[in-house]
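Asks: Pasting a structure here, questions to come.
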Amino acid sequence: MIKNKDKKMKKLFSSISLRTVFVIPFIIQIVSAVGIVSYLSFKNSQKAIREITQELREEITSRATQYVGDYLEIPHTINTLNDSAFNINILNVKNPEKIRDYFWEQVKLTPKINTIQIGIHEQEKYIGVGRTDGKLVYKISDPLTTQREFQSYAIDERGRPTKKVSGRPNYQMRLRPWYQESFQSQISTWSLYIFFSHKTLGMTLSKPVYNESGKLLGVTGIDITLEEIGDFLKNLRVGRTGKIFIIERDGNIVASSTGEQPFLSQGEDLVRLNATDSQISTI
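The following block contains the structure:
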């Protein structure tokens, strides 16, 4: 039995050529090498994709940060100029017409600004010039002349108010976030909230202003809407399906590339939209 088995093995090996004996191991080595190279290439491709993706994220983040930084710098410049104007009596709270004309010139020359305003502390009077539906308007609220109604007037080519275009009752200037935060802190502060006149989300850079003797006159504020930041984010491409969000630490959405409004309607009120309540599933 064993002899027959040995004979069969000898017959099998005698039928295999010497060339085959050497070629088969060589082919196995080539296949193994190709497999290893393919695996390494796959791993390197994954690494390259991750690196490119990370670089793309960093570039987009950098562009968004730069844009927002430049956008927010404009209110700082205007507030500094206005602070100096009140401090050296170029502007006087007893001359609202001159304040109106001064603000009108600034808003007209600065398209990115929505509203420039002052809340005069002792009089509880509000004076502002801003944009509504792309047109410049004069805004005023006064306990005496308007009975605290927040009134908006169309402005002609010389900056003079013409007809009344809207009115909202019971405007409490001293209770507005932009006024309160700066008045209490006595420093420049940013406030992010839903605007009283536009019912849209925006930010105000407010600053307390003083006369030349150091007496507090009131608080100036520069309004910017967040719609323009959202429009900028929409134009940043993040692959085919990528989206960009700017979110506060408490989870409230500031702006995004999705077009989703960063606030919700609750009856007649608007409330901030938290990321957990967003309709965008990828957030």
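Position in the sequence shown (from 1) plus 300 gives the number in our numbering. We treat Cβ as the ideally placed atom computed from N, Cα and C, and that holds for glycine. Since we're looking at a predicted model, the values are computed, not measured.
Could you give the residue range of the alpha helix (DSSP H) that holds residue 400?
Replies: Start and end: 396–409.
Asks: Please report how far the alpha carbon of residue 372 lies from the alpha carbon of residue 541, in whole angstroms.
Replies: Straight-line Cα distance between these residues: approximately 28 Å.
Asks: Quick one: grab the DSSP three-state call for residue 565.
Replies: Reduced to three states, the DSSP call for residue 565 is strand.
Asks: Out of 561, 574 and 557, which has the shortest C-alpha to C-alpha gap to residue 549?
Replies: Ranking the options by Cα distance to residue 549, first place goes to 574.
Asks: Judging by CA-CA distance, which residue of 361, 560 and 483 is the nearest neighbour of residue 419?
Replies: The shortest C-alpha separation from residue 419 is found at 483.
Asks: CA-CA distance, residue 576 and residue 423?
Replies: Answer to the nearest angstrom: the Cα atoms are 42 Å apart.
Asks: Please name the residue, chosen from 429, 392 and 464, that lies closest to residue 409 on a Cα-to-Cα basis.
Replies: It is 429 whose Cα lies nearest to the Cα of residue 409.
Asks: Would you mind working out which of 556, 457, 441 and 502 sits nearest residue 478, comparing C-alpha positions?
Replies: If we check each option's Cα against that of residue 478, 502 comes out closest.
Asks: So, using beta-carbon positions, are residue 544 and residue 414 closer together than 8 Å?
Replies: Cβ atoms of residue 544 and residue 414: not closer than 8 Å.
Asks: CA-CA distance, residue 403 and residue 431?
Replies: The alpha-carbon atoms of residue 403 and residue 431 are separated by roughly 12 Å.
Asks: Taking the alpha helix (DSSP H) that residue 534 falls in, what are its first and last residues?
Replies: Run containing residue 534: 527–534, per the alpha helix (DSSP H) assignment.
Asks: Residue ranges of each beta strand (DSSP E) run of no fewer than 3 residues wholly in the stretch 468–521, ordered along the chain?
Replies: Listed in chain order, they are 489–494 and 501–510.
Asks: Assuming residue 389 contacts residue 512 (C-beta within less than 8 Å), just tell me the rounded distance between them.
Replies: That belief holds up - the Cβ atoms of residue 389 and residue 512 are roughly 6 Å apart, short of 8 Å.
Asks: Ends of the beta strand (DSSP E) at residue 420?
Replies: Its beta strand (DSSP E) spans residues 415–420.
Asks: Of the residues 369, 474, 533 and 570, which one's Cα is nearest the Cα of residue 425?
Replies: Per the Cα distances, 474.
Asks: Less than 8 Å between the CB atoms is what I'm expecting for residue 533 and residue 364, so what's the real figure, rounded?
Replies: Rounded, the Cβ-Cβ distance is 7 Å, consistent with contact.
Asks: Looking only at C-alpha atoms, which of 379, 464 and 457 sits nearest to residue 449?
Replies: Out of 379, 464 and 457, 464 has the C-alpha closest to the C-alpha of residue 449.
Asks: Thinking just about the alpha-carbon of each residue, which of 578, 570 and 537 is nearest to the one in residue 551?
Replies: Residue 551 has its Cα closest to that of 578, out of 578, 570 and 537.
Asks: Assign residue 577 to one of three DSSP states: helix, strand, or coil.
Replies: Helix, per DSSP.
Asks: Considering only residues of the same chain and omitting the five flanking positions on each side of residue 495, which have a CB-CB separation below 6 Å?
Replies: Once the five neighbours on either side are set aside, the close Cβ partners of residue 495 are 502.
Asks: For residue 444, count neighbouring Cβ atoms within 10 angstroms of its own Cβ and tell me buried if that reaches 16, exposed if not.
Replies: With fewer than 16 Cβ atoms within 10 Å of its Cβ, residue 444 is classed as exposed.
Asks: Less than 8 Å between C-beta atoms, sequence neighbours within five positions excluded: which residues of the same chain meet that for residue 529?
Replies: Closer than 8 Å at the Cβ level, and outside the excluded window around residue 529, lie 367, 368, 371, 546, 554 and 555.
Asks: Between residue 460 and residue 522, what straight-line distance do the alpha-carbon atoms span, to the nearest angstrom?
Replies: For residue 460 and residue 522, the distance between alpha carbons rounds to 21 Å.
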